[in-house]
């Protein structure tokens with residue numbers, strides 16, 4: 237019986253020691269401060285360069301076709317050909333044109349006769365007016381048919397589409413040719429309304445394309461549209477590039493960079509920036525003098541390699557947490573293990 241009592245006492249003592257050790261370990265864990273690394277943030281002059289994705293467009297696009305259906309007599313150009321303004325592209329069947337020409341000739345003779353008679357009072361004013369009108373209509377009809385029988389390019393450019401062959405019946409479903417002027421080319425970009433007062437006509441821009449990644453083309457702002465889109469809060473800006481060597485082609489993807497000068501803003505390491513789940517807010521933890529941290533929502537500007545420009549939320553010279561943020565909450569005390 238005495239032995240059993242001794243065993244019971246020993247067991248209780250062992251349990252007490254074990255619990256004491258466990259509580260000591262838990263207390264040590266609770267007392268351990270989160271380890272963090274920090275970096276000091278300074279303000280500097282940051283280039284205010286905004287980049288806008290866009291697609292290169294032809295300066296002028298002409299869809300060339302006759303006014304009415306008809307037989308295509310001859311085609312003179314092919315896709316890819318460069319054409320000048322006024323250059324002949326195709327001719328249509330000229331039967332109706334010949335009829336109109338004969339009508340003009342006939343009305344010309346009749347008009348001359350009626351005019352002579354009207355001058356001596358042998359023809360009434362109404363007959364003279366009717367003949368004058370008929371002659372004018374005949375001339376205009378002939379001019380219209382002439383323009384739609386001999387198809388000339390209205391502008392200089394490149395033939396980018398030919399949808400019919402010689403001998404086909406043009407059925408008005410699509411144009412015979414598409415001629416695009418590509419010197420210059422233009423681009424449309426949507427700029428935030430916050431930059432409306434900063435955008436000026438004639439401002440120079442940089443253009444980079446996927447086709448010529450290592451080359452920067454120069455352009456300028458040609459048109460600033462005066463209306464702000466109420467849904468996107470942006471306004472359209474037209475960019476033109478001379479493109480004298482014709483290397484930029486319609487349909488190419490491009491990025492247009494507008495330089496709005498410099499601003500003196502705080503710059504921080506990108507590792508300091510965290511994103512609030514759900515809300516989407518971006519924030520950092522700032523180290524205080526007593527080694528506590530404060531949660532700060534920030535508004536970011538440009539990214540510069542591994543750094544961010546901060547538009548609002550931080551002061552010059554503040555110290556931000558760069559690693560260990562997953563263990564932090566507002567007001568907690570931390571242990572700094574590295575400072576940069």
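Numbering (the working numbering), first residue to last: 237 to 576.
Ideal Cβ positions, reconstructed from N, Cα and C, are used throughout, including at glycine.
{"Query": "Give the DSSP-derived three-state secondary structure of residue 528 in the structure shown.", "Result": "strand"}
{"Query": "Can you check the segment 318-383 for any alpha helix (DSSP H) of at least 4 residues that lies completely inside it and give the ranges in chain order?", "Result": "331-355"}
{"Query": "Report the rounded CA-to-CA distance for residue 507 versus residue 538, giving the unit in angstroms.", "Result": "15 angstroms"}
{"Query": "Taking the beta carbon of residue 301 as the centre, do at least 16 other beta carbons fall within 10 Å, making it buried, or is it exposed?", "Result": "buried"}
{"Query": "Using only alpha-carbon positions, find the residue among 454, 536, 428 and 411 that is nearest to residue 465.", "Result": "428"}
{"Query": "Tell whether a beta-carbon distance below 8 angstroms holds between residue 568 and residue 270.", "Result": "yes"}
{"Query": "Quick one: what's got a C-beta closer than 6 angstroms to residue 583's C-beta in the same chain, skipping five residues either side?", "Result": "Residue 583 lies beyond the range of the chain shown here (237 to 576); nothing can be said about it."}
{"Query": "Would you kindly work out how many angstroms separate the C-alpha atoms of residue 363 and residue 457, rounded to a whole number?", "Result": "59 angstroms"}
{"Query": "Below 8 angstroms on the Cβ atoms is my contact criterion, and I expect residue 215 with residue 389 to pass it. Report the Cβ-Cβ distance as a whole number of Å.", "Result": "Shown here, the chain extends from 237 to 576; a query on residue 215 therefore has no answer."}
{"Query": "Expressed to the nearest angstrom, what Euclidean distance is found between the alpha-carbon atoms of residue 490 and residue 409?", "Result": "32 angstroms"}
{"Query": "Can you tell me whether residue 343 is buried or exposed? The criterion is at least 16 other CB atoms within 10 Å of its CB, across all chains shown.", "Result": "buried"}
{"Query": "Can you name the residues that DSSP bridges to residue 390?", "Result": "Per DSSP, none; premise fails for residue 390."}
{"Query": "Can you give the Cα-Cα distance for residue 413 and residue 331, rounded to whole angstroms?", "Result": "22 angstroms"}
{"Query": "For residue 442, report the span of its beta strand (DSSP E) as first-last.", "Result": "440-445"}
{"Query": "Below 8 angstroms on the Cβ atoms is my contact criterion, and I expect residue 308 with residue 400 to pass it. Report the Cβ-Cβ distance as a whole number of Å.", "Result": "6 angstroms"}
{"Query": "Throw me the rounded Cβ distance for the residue 432 and residue 471 pair, which I believe falls under 8 angstroms.", "Result": "6 angstroms"}
{"Query": "Quick one: complete beta strand (DSSP E) runs, 3+ long, within the segment 481-555?", "Result": "489-505, 518-523, 529-533, 535-540 and 543-548"}
{"Query": "Alpha carbon to alpha carbon, what distance is there between residue 268 and residue 565?", "Result": "15 angstroms"}
{"Query": "Do residue 453 and residue 484 have their C-beta atoms within less than 8 angstroms of each other?", "Result": "yes"}
{"Query": "Quick one, are the C-beta atoms of residue 522 and residue 544 less than 8 angstroms apart?", "Result": "no"}
{"Query": "Which residue's Cα is closest to the Cα of residue 286: 576, 498, 561 and 372?", "Result": "498"}
{"Query": "Beta-carbon separation of residue 292 and residue 421 under 8 angstroms?", "Result": "yes"}
{"Query": "Among all the DSSP beta bridges, which residues are the ones paired with residue 474?", "Result": "424 and 459"}
{"Query": "Is residue 429 helix, strand or coil when you go by DSSP?", "Result": "helix"}
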